[in-house]
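Worksheet: one structure, shown below.
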Amino acid sequence: MALSEPLDTTADKRKASEAVLELQDVSVLYSGKAAVKKVSCTIWRNRITSIIGPSGCGKSTLLRSLNRMNDFVDGVTIEGQILFAGQNLYGSAVDPVEVRRRIGMVFQKPNPFPKSIFNNISWGPSINGYSGSMDELVERSLSQAALWEEVKDRLHESALNLSGGQQQRLCIARALAMEPQVLLMDEPCSALDPISTAHIEDLLFELQSRYTIVIVTHNMQQAARVSDYTAFMEMGNLVEFGETDQIFTRPEKKRTEEYVTGRFG
Amino acid sequence: MNELTHTPGLSFSIHKGVTRWGEIAIKGWLGICTAISLITTVSIVVVLLVESFDFFRAVSPLDFFFGTRWVPLLKPSSYGVLPLVWGTIQITVGAAVIAIPLGLASAIYLSEYANDRVRTWVKPALELLAGIPTVVYGYFALTFVTPMLHKVIADIQVFNALSAAIVVGIMILPTIATLSDNALRAVPVSLRQAAYAVGATSYEVTTSIVVPAGLSGVMASFLLAISRAIGETMAVSLAAGQTPNLSLSMLGSIETMTAYIVQISLGDTPSGSIAYQTLFAVAALLFFITLMINVISQWILGRFREVYD
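So the protein sequences, as listed, match chains E and R. So the working numbering is basically just the index in the first sequence, starting at one, shifted up by 10. So the working numbering is basically just the index in the second sequence, starting at one, shifted up by 12.
Following this line, the structure appears as structure tokens:
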């Protein structure tokens, strides 16, 4: 952040950034039952946006609708519009495979492929026709995920031999290798110990300058530490969305204040 | 422990030493039930080995295992088992060539593409194939498959290996389809999601992630189906005939090991004769082959199983 910033930092950041994803009255329904209700907000380029809220508030569901991972759930319908670089993600001309190539995802539990470390990274790019040097791409992705030093001598061993924290960083590296425009993270630290969690949070700061990240977390400290913007959801509704500092220090809604101060959730 | 002794009812029964006769009786009965199948298996093996031993005193094992003529009932007799083994191989390989691609494709369709509604109908229907008596398959081969083949291949015989291989292939298809489907569906959903999230198509997810991850179960289903094909008797006896034949062609009559055993068992070969003892030698060989396949499939299951938590 520049030192000579005007007071209204929100406006300044928005000026410096551009919208990558625009959600307009987005509802997600499972067999007619709304899990996410009319959510509208904007995800800004090269910023970290966190989605917080109590269990079952629809935050993961919302996240999964951003790269069409909900397509695999039977009976799911999406209402409203999600614009990605100005195009409706759910438009009839949109190829969901292409959407997922551009909007990567890291899941709650580490889920490496039962392949070697190298092939975990290279599989996605190779099926999508990557033509550059695969060795370089693998090294770059693993370095970005702060895993290279730990695994460079055993790239061809099975990824399943790595520890949980290493597996999760491998999954992040796997997503980064696709050079996604947006990286979605669904509670990426919930299955990890505190040291691995700290590793991943450090990593998020590193990635922030180059990637647009949306992270779902039930850990409010994590949201406060890592994100620029925070969305607070409850029972499918987006209660409040704003700059993280504002959400945590001067929330506009009573409910937000109660949640971030730990009075429920 | 204090709480325990204070609990009324427990405090006085703990040291009472009640003998639960019902419990002992049940345990004994269950043990006997388990022992019956063990005893049966062991007795079969013993009988096979003892009778085969008698046979090998009269016929050199070299002639048996490497001889190319199987004429046990007529003079001059010859006890080369290779034509029977070859017949079994023809049927088994032919059936596998049909059943493995079809079975695996059905399994992939059921686990990766079909929705729940389709699966709940299709899977029981497939399993129904496995419930049809094998003698029905034999007549199906003789009265339907062979006439159909005759229209395409003019010089096919009434009894031929090809139609037998085809029906045995159909017979073992459900084994492969349902067991492979189970193996593929045991692959965690999170792996599929990971693959979709890097921009893979359903086909890529299936071929590069799901099938390799479920490979141990898929391979085991192949081997189980193959050992069924090796042991298949009725359909093969009916459709392929009883002519030991060491030839590459599948258009003529052959005889498998199992078909030979049926032929001798039902015939009037005097017990105790060498011809009669061939029965046990062939059966022992058959048992050994299927045992080996089971051992290999167990090994594959253990060796290639990926452990997910």
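For each residue, glycine too, the CB sits at the ideal point set by N, CA and C.
Can you list, in chain order, the stretches of the alpha helix (DSSP H) that have 4 or more residues and sit fully within the segment 194–268 of chain R?
201–209, 227–243 and 246–252
In chain R, what lies closer than 9 Å to Glu216(E) by C-beta?
To locate residue 216(E), count along the first sequence from 1; it is residue 206. Ordered by position in chain R, no residue passes the 9 Å Cβ test against Glu216(E), which lies about 21 Å from the chain.
Specify the secondary structure class of Phe123(E) as computed by DSSP and reduced to three states.
Numbered from its first residue, the first sequence carries residue 123(E) at position 113. Residue state, collapsed to three classes: coil.
DSSP on Cys8(E), reduced to helix/strand/coil?
Nothing can be reported for residue 8(E), as the shown portion of chain E is limited to 11 through 275.
Mark Arg220(E) as exposed unless 16 or more other C-beta atoms lie within 10 angstroms of its C-beta, in which case mark it buried.
Along the first sequence, read from residue 1 onward, the residue named residue 220(E) stands at position 210. That one is exposed.
How is the alpha helix (DSSP H) around Tyr269(E) delimited, first residue to last?
In the first sequence, residue 269(E) corresponds to position 259, counting from 1. Element bounds for Tyr269(E): Lys264 to Val270.
Please classify Phe77(R): does DSSP put it in a helix, a strand, or coil?
Taking the second sequence and counting its residues from 1, the one referred to as residue 77(R) is at position 65. Phe77(R) falls in the helix class under three-state DSSP.
Can you pull the chain R neighbours of Asp84(E), defined as C-beta to C-beta under 8 Å?
Translated into positions along the first sequence, residue 84(E) becomes position 74. Under the 8 Å cutoff, chain R gives Asn127 and Asp128.
Tell whether a beta-carbon distance below 8 Å holds between Pro84(R) and Glu139(R).
Position 72 of the second sequence, counting from 1, holds the residue named residue 84(R). Position 127 of the second sequence, counting from 1, holds the residue named residue 139(R). Not a contact, by the Cβ cut-off of 8 Å.
Burial state of His166(E) (16 or more Cβ within 10 Å)
Start at 1 with the first residue of the first sequence, and residue 166(E) comes out as number 156. With fewer than 16 Cβ atoms within 10 Å of its Cβ, His166(E) is classed as exposed.
Can you give the Cα-Cα distance for Pro282(R) and Leu116(R), rounded to whole angstroms?
Within the second sequence, the letter at position 270 stands for residue 282(R). Within the second sequence, the letter at position 104 stands for residue 116(R). Those two C-alpha atoms are separated by around 46 Å.
Arg111(E) versus chain R: which residues are under 8 Å apart at the beta carbon?
Here residue 111(E) is taken as the residue at index 101 of the first sequence, counted from 1. Within 8 Å Cβ-Cβ: Val210 and Gly211.
Beta-carbon neighbours of Glu124(R), restricted to chain E and to distances below 7 Å
Translated into the one-based positions of the second sequence, residue 124(R) becomes position 112. Correct list: empty, because the minimum Cβ distance to chain E is about 11 Å.
Does Gln254(R) get closer than 8 Å to chain E when you measure Cβ to Cβ?
Position 242 of the second sequence, counted from the start, is the residue given in the question as residue 254(R). No, its Cβ sits nowhere closer than 8 Å to a Cβ of chain E.
Give the residues of chain B in contact with Ala206(R), contact being defined as C-beta atoms less than 8 Å apart.
Of the protein chains in this structure, namely E and R, none is chain B.
What is the DSSP secondary structure of Ser41(E), reduced to helix, strand or coil?
By 1-based counting over the first sequence, the position of residue 41(E) is 31. Here Ser41(E) sits in coil by DSSP.
Cβ-based contacts, 9 Å cut-off: residues of the segment 92–111 of chain E near chain R:
Correct list: Pro106, Val107, Glu108, Val109, Arg110 and Arg111.
Burial state of Pro204(E), where buried means 16 or more other Cβ atoms lie within 10 Å:
Indexing the first sequence from 1 puts residue 204(E) at position 194. Burial state of Pro204(E) is exposed, judged by a 10 Å Cβ sphere holding fewer than 16 other Cβ atoms.
In the DSSP assignment, what are the bridge partners of Leu93(E)?
Locating residue 93(E) in the first sequence gives position 83, counting from the first residue. Looking at the DSSP output, Leu93(E) bridges to Glu32(E) and Asn98(E).
Mind checking who Val46(E) pairs with in its DSSP beta bridge?
Here residue 46(E) corresponds to residue number 36 of the first sequence, with the count starting at 1. As DSSP reads the structure, Val46(E) sits in a beta bridge with Val38(E).
From Ala206(R) to Gly63(E), what distance separates their C-alpha atoms?
The sequence position of residue 206(R) within the second sequence is 194, counting from 1. The sequence position of residue 63(E) within the first sequence is 53, counting from 1. Going from the Cα of Ala206(R) to the Cα of Gly63(E) covers about 24 Å.
Alpha carbon to alpha carbon, how far is Gly150(R) from Gly143(R)?
Taking the second sequence and counting its residues from 1, one reaches residue 150(R) at position 138. Taking the second sequence and counting its residues from 1, one reaches residue 143(R) at position 131. For the pair Gly150(R) and Gly143(R), the Cα-to-Cα distance works out to about 14 Å.
Gly181(R) and Ala126(R) - do their beta-carbons sit closer together than 8 Å?
Taking the first residue of the second sequence as 1, we reach residue 126(R) at position 114. Taking the first residue of the second sequence as 1, we reach residue 181(R) at position 169. Contact flag unset, no.
Would Gly101(E) be called buried (16 or more neighbouring beta carbons within 10 Å of its own) or exposed?
As a working mapping, residue 101(E) is identified with position 91 in the first sequence. With fewer than 16 Cβ atoms within 10 Å of its Cβ, Gly101(E) is classed as exposed.
Looking at Val36(E): is its Cβ nearer than 8 Å to the Cβ of Ser75(E)?
By one-based count along the first sequence, residue 36(E) stands at place 26. By one-based count along the first sequence, residue 75(E) stands at place 65. The beta carbons of Val36(E) and Ser75(E) sit closer together than 8 Å.
Taking only beta-carbon atoms, is Trp133(E) less than 8 Å away from chain R?
The residue labelled residue 133(E) in the question sits at position 123 within the first sequence. Closer than 8 Å to some Cβ of chain R, the Cβ of Trp133(E) qualifies, so yes.
Measure the alpha-carbon distance for Lys264(E) versus Val86(E) and round it to whole angstroms.
As a first step, residue 264(E) is located in the first sequence; it is residue number 254 there, counting from the start. As a first step, residue 86(E) is located in the first sequence; it is residue number 76 there, counting from the start. So the two alpha carbons sit approximately 32 Å from each other.
Contact between the segment 191–200 of chain R and the segment 80–100 of chain E: three or more CB pairs below 8 Å?
Contact between the segment 191–200 of chain R and the segment 80–100 of chain E is absent: fewer than three C-beta pairs spanning the two stretches fall below 8 Å.
Taking only beta carbons into account, state which residues of the segment 213–227 of chain R come closer than 8 Å to chain E, listed in chain order.
Against chain E - using a Cβ distance shorter than 8 Å - the residues of the segment 213–227 of chain R are Thr213, Glu216, Ser220, Ile221, Pro224 and Ala225.
Are there three or more Cβ pairs, one per stretch, closer than 8 Å when the segment 143–157 of chain E is compared with the segment 212–229 of chain R?
no
Could you give the residue range of the alpha helix (DSSP H) that holds Glu146(E)?
The sequence position of residue 146(E) within the first sequence is 136, counting from 1. Where Glu146(E) is concerned, the enclosing alpha helix (DSSP H) stretches over Met144 to Gln154.
For a cutoff of 8 Å on Cβ pairs, would you count Leu297(R) as touching chain E?
As a working mapping, residue 297(R) is identified with position 285 in the second sequence. No, no contact with chain E.
Less than 8 Å between the CB atoms is what I'm expecting for Ala251(R) and Ala176(R), so what's the real figure, rounded?
Reading the second sequence from its first residue, position 239 is the one you call residue 251(R). Reading the second sequence from its first residue, position 164 is the one you call residue 176(R). That belief holds up - the Cβ atoms of Ala251(R) and Ala176(R) are roughly 4 Å apart, short of 8 Å.
The segment 72–83 of chain E: positions lying closer than 8 Å to chain R by Cβ
Asn77, Met79 and Phe82
Tell me whether the beta-carbon of Val270(E) lies closer than 8 Å to the beta-carbon of Ile257(E).
The residue given as residue 270(E) occupies position 260 in the first sequence. The residue given as residue 257(E) occupies position 247 in the first sequence. Yes; because the gap between Cβ atoms is below 8 Å, this pair is in contact.
Just to confirm, are Phe292(R) and Ser64(R) a CB contact at a threshold of 8 Å?
Counting from one through the second sequence, the residue named residue 292(R) turns up at place 280. Counting from one through the second sequence, the residue named residue 64(R) turns up at place 52. Yes, Cβ-Cβ distance for Phe292(R) and Ser64(R) is below 8 Å.
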